[in-house]
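What follows is a set of notes on a single structure, which appears directly below.
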Amino acid sequence: MPSAKRHTPGTQQPNILFIITDQMRGDCMSCAGHPVVETPNLDMLAARGTLFTASYSSCPSCIAARASLFTGLSPSSHGRLGYRDCVPWRYTDTLPSLLGQAGYQTHCVGKTHFFPQGAHLGFQSIESYEGNQNFDGRFVNDYFEWLRERTNGRLAETDHGVDWNSWCARPSHLPEELHNNTWVVTRGLEFLRRRDSTRPFFLNLSFHRPHAPVDPPQAFFDLYKDRTDIPLPRGDWADGYNTPATDVNAWFGRVPDHPLRRLRLAYYAQVSHIDNQIGRFLMAMSTLRLGPTWIVFTSDHGEMLGDHDLFRKTYAYEGSAHTPLIITPPTSAIQHRCMAPVIQQDLMPSMLDMAGVKIPRSIEGHSVLPLLSRTPAQARWQPFVHGEHSACYATHNAMQYLTDGQDKYVWHPVTGKEELFNLAQDPCELHNEAGDRPARDRLDSWRKRLIAIFKQRPQDKLTNGKRLLPGRPLPSVRPQLLE
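Counting in the working numbering, the final residue of the sequence shown is number 493, and the numbers go up one at a time with none missing.
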């Protein structure tokens with residue numbers, strides 16, 4: 011892949027606005043074809059730029075996915091193969107650190123999930139929203155402090171009683187102007203007004219929502235409350251998950267139709283509120299004469315949202331692993347829809363490329379900028395991407411997956427189970443073709459690709475070079491991160 015050049019002295023470096031949501035599905039945008047959710051501002055960004063339809067999380071949970079976003083490395087290389095909190099972030103060549111060295115003013119508002127909280131990863135300043143994190147007793151939540159000041163301590167964010175991983179949903183009890191989605195944009199605009207105008211900026215707006223608690227402002231909840239046309243896929247392979255969900259924080263189980271419908275509609279409402287706040291930010295940006303600005307929008311992973319009777323993330327399935335990705339350049343892109351498969355470690359080198367900053371050789375991702383104006387073949391693009399997640403909620407739900415956006419191969423390394431989905435014809439993954447005779451050659455081809463990947467990772471002992479070896483669960487983090 012071509013690497014970025016160093017910034018040429020005397021030319022204006024563009025600003026970069028990097029917008030991240032937490033737990034937002036790749037299909038939950040109007041421009042992605044969703045039949046219910048309304049996202050006019052994201053649709054506008056896609057129309058002015060490029061929508062990537064086959065963007066995937068490298069490891070679909072918060073910490074590992076963000077490590078790939080900010081280091082440009084695969085989970086195997088940055089060492090986070092699943093979910094584990096309280097493991098220090100010691101990375102040096104990060105997206106904000108390299109941009110800072112190139113003269114950028116770097117600032118983040120919202121969720122980072124870095125640990126310890128003082129590990130800024132090169133951000134020169136952070137206004138933090140870490141949800142319910144306070145693992146070492148020293149976490150400062152800037153949003154909580156801001157909310158406390160404005161309500162004289164009378165209101166807390168979760169006074170509504172919805173938990174941080176719950177499938178329950180309800181409107182927020184807070185006025186819209188005090189909602190944390192609104193706070194992210196309010197503080198982001200304050201940064202723009204006070205920034206050093208002699209330097210380009212890298213601003214990361216990092217929304218915690220639509221991650222639970224699913225609590226959109228009342229006005230946005232009301233937009234969807236009467237909708238009945240709610241898609242709810244259940245695959246022919248998912249029978250093991252359809253026992254009743256007796257815990258509001260359950261990661262699987264059959265939920266009664268009414269609360270499940272409310273959850274999905276409230277989730278769509280939360281996405282629409284985020285979209286509305288992004289529109290507010292863009293409207294203010296247009297009055298500030300900021301100069302050329304790239305905009306990148308994505309999420310760390312998705313949310314199963316009851317698909318196949320599953321909730322939350324960590325899964326290889328589309329609801330969890332497929333992420334939204336829109337890149338809008340300072341001037342209109344030539345290609346407005348790109349079907350090439352991209353993965354999260356591709357975003358760091360892409361933004362370095364935007365800034366004209368040399369991409370370190372250690373970076374494993376590839377800049378997607380050639381795809382804005384060329385076909386995947388012309389750009390010599392990767393034919394597929396690889397994602398993974400070690401066991402989280404239960405030992406057997408560790409997953410490895412490969413996809414080119416048309417097919418998806420899933421291997422369960424603990425049980426050895428294989429799944430093959432024809433995404434082009436079956437985007438909701440309703441039928442597992444792994445046992446179908448006509449799919450044998452495709453299945454074998456994908457299996458060989460995964461074997462080739464694990465031949466480069468002998469420490470994992472997941473192949474003997476000829477076949478996959480199940481029964482060897484991977485750790486959530488590589489041992490070297492714990493030293």
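Every residue gets a Cβ at the ideal spot worked out from N, C-alpha and C, and that includes glycine.
In whole angstroms, what is the alpha-carbon distance linking residue i and residue j?
i, j, result
"L157", "T122", "19 Å"
"V513", "F201", "Lying outside 11 to 493, the shown extent of the chain, residue 513 is not represented and no answer is given."
"S342", "P266", "46 Å"
"S216", "P483", "32 Å"
"R219", "S486", "24 Å"
"S383", "M349", "13 Å"
"H268", "P423", "36 Å"
"Y234", "Y411", "34 Å"
"S360", "I373", "11 Å"
"T49", "I30", "15 Å"
"L91", "P70", "10 Å"
"P24", "T303", "5 Å"
"G198", "V119", "6 Å"
"T425", "F431", "18 Å"
"R371", "G132", "19 Å"
"T413", "P185", "42 Å"
"D249", "R160", "48 Å"
"S296", "V195", "14 Å"
"D246", "D310", "28 Å"
"N259", "G397", "25 Å"
"G82", "N162", "42 Å"
"S86", "P489", "11 Å"
"R237", "L275", "8 Å"
Are the beta-carbon atoms belonging to residue i and residue j less than 8 Å from one another?
i, j, result
"C402", "Y66", "no"
"L379", "W391", "no"
"G59", "I288", "no"
"E499", "Q33", "Residue 499 lies beyond the range of the chain shown here (11 to 493); nothing can be said about it."
"I461", "L55", "no"
"F212", "Y114", "yes"
"D225", "H170", "yes"
"F394", "R457", "no"
"Q8", "S84", "A query on residue 8 cannot be resolved here, the shown segment of the chain reaching from 11 to 493 and no further."
"F307", "L79", "no"
"V46", "D239", "yes"
"H318", "A57", "no"
"L61", "A77", "no"
Starting from residue i, trace the alpha helix (DSSP H) both ways and give me its first and last residue.
i, result
"T196", "N190 to R204"
"T253", "No alpha helix (DSSP H) contains T253, which DSSP labels as neither H nor E."
"M358", "L357 to A365"
"L484", "Here L484 belongs to no alpha helix (DSSP H), and DSSP marks it neither H nor E."
"S87", "P85 to H88"
"A137", "A small correction: the amino acid at residue 137 is Glu; Ala does not occupy that position in the sequence shown. Per DSSP, E137 belongs to no alpha helix (DSSP H); it is in the beta strand (DSSP E), S135 to S138."
"T161", "D152 to T161"
"L460", "R450 to K465"
"T63", "From DSSP, T63 is part of no alpha helix (DSSP H); its letter is neither H nor E."
"Q115", "Run containing Q115: none in the alpha helix (DSSP H); it sits in the beta strand (DSSP E), Q115 to G120."
"I284", "D267 to M295"
"R76", "C72 to T81"
"E187", "Looking at the DSSP string, E187 is not in any alpha helix (DSSP H), and its letter there is neither H nor E."
Does the Cβ of residue i have 16 or more other Cβ atoms within 10 Å, making it buried, or fewer, making it exposed?
i, result
"R35", "buried"
"Q435", "exposed"
"C72", "buried"
"G301", "exposed"
"P12", "Caution is warranted here: a pLDDT of 36 is assigned to P12, below 50, making its placement in the model unreliable, and the coordinate value is therefore given only provisionally. It counts as exposed."
"P106", "buried"
"K15", "Because K15 carries a pLDDT of 41, less than 50, the predicted location of this residue cannot be relied on, and no value is offered for it."
"K418", "buried"
"I344", "exposed"
"S207", "exposed"
"N142", "exposed"
"M409", "buried"
"E493", "exposed"
"L108", "buried"
"D451", "exposed"
"I26", "buried"
"M293", "exposed"
"P223", "buried"
Taking DSSP's pairing of strands, which residues face residue i in a bridge?
i, result
"K418", "T413 and F431"
"P220", "D32"
"L55", "BP columns for L55 are empty, so no partner."
"F394", "In the DSSP output, where bridge partners are listed per residue, F394 has none listed."
"C348", "F62"
"N214", "F28 and C118"
Following a CB-centred definition, is residue i positioned closer than 7 Å to any heavy atom of the ligand FAD?
i, result
"N474", "In the structure shown, the ligand FAD is absent, as is every other ligand, since no ligand is present at all."
If you follow the beta strand (DSSP E) that residue i is in, where does it begin and where does it stop?
i, result
"D32", "N25 to D32"
"S309", "T303 to S309"
"I337", "L335 to T338"
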